[in-house]
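Peer 1: In the numbering used here, the protein residues as written are 992 to 1398.
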Ligand code: HEM
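1. DSSP has residue 1285 in a bridge; who is on the other side?
2. Mind checking residue 1153: buried by the 16 CB within 10 Å criterion, or exposed?
3. Can you round the beta-carbon distance between residue 1256 and residue 1134 to whole angstroms, since I take them to be within the 8 angstroms contact cut?
4. Taking DSSP as the reference, what is the three-state secondary structure of residue 1290?
5. Measuring straight from C-alpha to C-alpha, what distance separates residue 1387 and residue 1235?
6. What are the start and end residues of the beta strand (DSSP E) that includes residue 1389?
7. Below 7 angstroms CB to CB, which residues in the same chain sit around residue 1084 once its five sequence neighbours on both sides are set aside?
8. Flag residue 1067 as yes when its Cβ comes closer than 7 angstroms to any non-hydrogen atom of ligand 1, and as no otherwise.
9. At the 8 angstroms Cβ level, is residue 1150 part of the contact set with chain B, yes or no?
10. Tell me, which residues are paired with residue 1234 by DSSP?
11. Short of 6 angstroms in beta carbon distance, which residues of its chain neighbour residue 1074, apart from the five on each side in sequence? Order them along the chain.
12. When the distance is taken between beta carbons, is residue 1306 closer than 8 angstroms to residue 1399?
13. Mind checking whether residue 1258 and residue 1372 have CB atoms under 8 angstroms apart?
14. Starting from residue 1049, trace the alpha helix (DSSP H) both ways and give me its first and last residue.
15. Let me make sure I understand the geometry here. Which of 1397, 1392 and 1398 has the alpha-carbon closest to that of residue 1128?
16. If you check the beta carbons only, do residue 1087 and residue 1220 fall under 8 angstroms apart?
17. Put residue 1114 into one of helix, strand or coil per three-state DSSP.
18. Counting Cβ pairs, one atom from each stretch, are 3 or more of them under 8 angstroms apart for the segment 1091–1103 and the segment 1342–1360?
19. Which one of 1381, 1004, 1007 and 1318 has the shortest CA to CA distance from residue 1172?
20. Using 8 angstroms as the threshold, is the C-beta distance between residue 1010 and residue 1250 below it?
21. In the structure shown, what three-state DSSP assignment does residue 1205 receive?
22. State the Cα-Cα distance for the pair residue 1001 and residue 1325, rounded to the nearest angstrom.
23. Verify the contact flag: residue 1075, CB atom, against every heavy atom of ligand 1, threshold strictly below 7 angstroms.
24. What residue from 1226, 1310, 1260 and 1072 has the CA that sits closest to residue 1370's CA?
25. Closer than 7 angstroms to a non-hydrogen atom of ligand 1 - does that hold for the CB of residue 1087?
26. Should residue 1028 go down as buried or exposed, given a rule of 16 or more other Cβ atoms within 10 Å for buried?
27. Compute the Euclidean distance between the alpha carbons of residue 1248 and residue 1313, then round it to the nearest angstrom.
28. In the structure shown, what three-state DSSP assignment does residue 1176 receive?
29. Any heavy atom of ligand 1 within a distance shorter than 7 angstroms of the CB on residue 1110?
30. When you compare only the Cα positions, how much space is there between residue 1019 and residue 1309?
31. Taking the C-alpha atoms as reference points, what is the distance between residue 1107 and residue 1100?
32. Which residues in the same chain have their Cβ closer than 8 angstroms to the Cβ of residue 1304, if we skip the five residues on either side of it in sequence?
33. Report the option in 1043, 1285, 1013 and 1272 whose CA atom is closest to the CA atom of residue 1026.
34. Run through the DSSP bridge pairs and tell me what residue 1347 is partnered with.
35. Would you identify the three-state DSSP class for residue 998, choosing helix, strand or coil?
36. Thinking just about the alpha-carbon of each residue, which of 1131, 1200, 1124 and 1122 is nearest to the one in residue 1166?
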């Protein structure tokens, strides 16, 4: 990659992050220069080092999800006590163990196969010379995945029904964004808008009704959860966290990675080469880090790298900084799909330890499928127009119009 292209990558990445978090993102980047672990008054103990973060995330008895000032509090208020991301200790481990089959490749592929129609259409359109908004397509794909998991898409979809399903999929993505953004706020019931409260009520009513039904498609998440022995409350919690995590993350990650690959002229290097596609997705996730931060509370006094933390203190793990930790990723601001990732920080953008992302296999399979399909579009793709999303929780392209470069 030339120096000019490299600078462009850094600028595009900055642009999408600044549009989402105009104050927090520059502050987080500045903290990266202040040390591996930094205490910030009013925020908590900020972790920038990949190895220290890995340690913290792995010690789930010392650094827990629940506690005053945690996001887990808002999750519990919104989704009940069984939403995984707000659980600790034995009950969390026991539930995760029961949910193991959900993380299988076969399950992920079954969901992906039922949801990929919008992406297939987009790739065909690109091949025929049309311009496609990949951000919108990705929202349709990830929204469809969510609808599929919820059992809301019939087994056979007629061409006339496709448009309505695409619209519903975009709505689901937007709903996920609204709910996720509101969950940043500490006191949900006081601060959340009536609109979001209504969204939440609809989602929870859906979970309640779906649990009571016997005619859901067997591949749907609710049918799978029932088969795995989950009760109504667990189903409500897991469905909610899948809804928010699943609908959002893939929809934002896919266009960001596609944009990097296209603009750095590295997309063609993965054509017909699955191993290269896998590396490209890994480097794309490292560079974009779709979930930029997570949080823990110290259950008792402990050491975090060089810093002593006290019981009850809040830890902010800045995933976006971990993935640019020069100790593990030399020249970290360079996007390079041939980079060998240090095994000690492998997949850190999906977390680590007992709370490691439950959607990992689905996310990897989906992103690998999409990057492979884009790489096989004949000719060379270019980004013709783009717009970043403002004020969103997860940095994203609102529009990313892509077309073949004229020969
Ligand atoms: C590129 C896409 C994704 C990224 C980068 C990502 C990232 C993460 C991260 C960082 C965590 C751990 C947070 C923590 O430790 O506090 C997490 C947890 C989780 N993710 Fe994902 N995720 C992605 C896609 C998905 C998808 C598609 C689903 C489901 C459909 C999903 C479901 C979950 C669930 C249920 C948890 C909570 C696990 C637990 O607490 O036990 N994720 N994800």
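Ideal Cβ placement from N, Cα and C applies to all residues, glycine included.
Peer 2: So, from the data block:
1. 1308
2. exposed
3. Actually they do not touch by this definition, with Cβ atoms about 30 angstroms apart.
4. coil
5. 15 angstroms
6. 1388–1395
7. 1345
8. no
9. This model lacks chain B altogether, as it is built from one protein chain only.
10. Bridge partners of residue 1234: none, in fact.
11. 1066, 1228, 1231 and 1232
12. It is not possible to answer for residue 1399, since the shown part of the chain is limited to 992 through 1398.
13. yes
14. 1041–1049
15. 1392
16. Judged by their CB atoms, residue 1087 and residue 1220 are not nearer to each other than the 8 angstroms cut-off.
17. helix
18. yes
19. 1381
20. Cβ atoms of residue 1010 and residue 1250: not closer than 8 angstroms.
21. coil
22. When rounded, the distance between both Cα atoms is 8 angstroms.
23. yes
24. Of the candidates 1226, 1310, 1260 and 1072, the one whose C-alpha sits nearest the C-alpha of residue 1370 is 1260.
25. Residue 1087 Cβ: within cutoff of ligand 1.
26. buried
27. 18 angstroms
28. Caution applies to residue 1176, whose pLDDT of 49 falls short of 50 and renders its modelled position unreliable; the value that the coordinates give is listed next. Coil, per DSSP.
29. Answer for residue 1110: no, Cβ out of range of ligand 1.
30. Cα-Cα distance, rounded: 7 angstroms.
31. 10 angstroms
32. 1035, 1036, 1288 and 1289
33. 1043
34. Answer is none; residue 1347 lacks a bridge partner.
35. helix
36. Checked all of 1131, 1200, 1124 and 1122; the closest Cα to residue 1166 is 1131.
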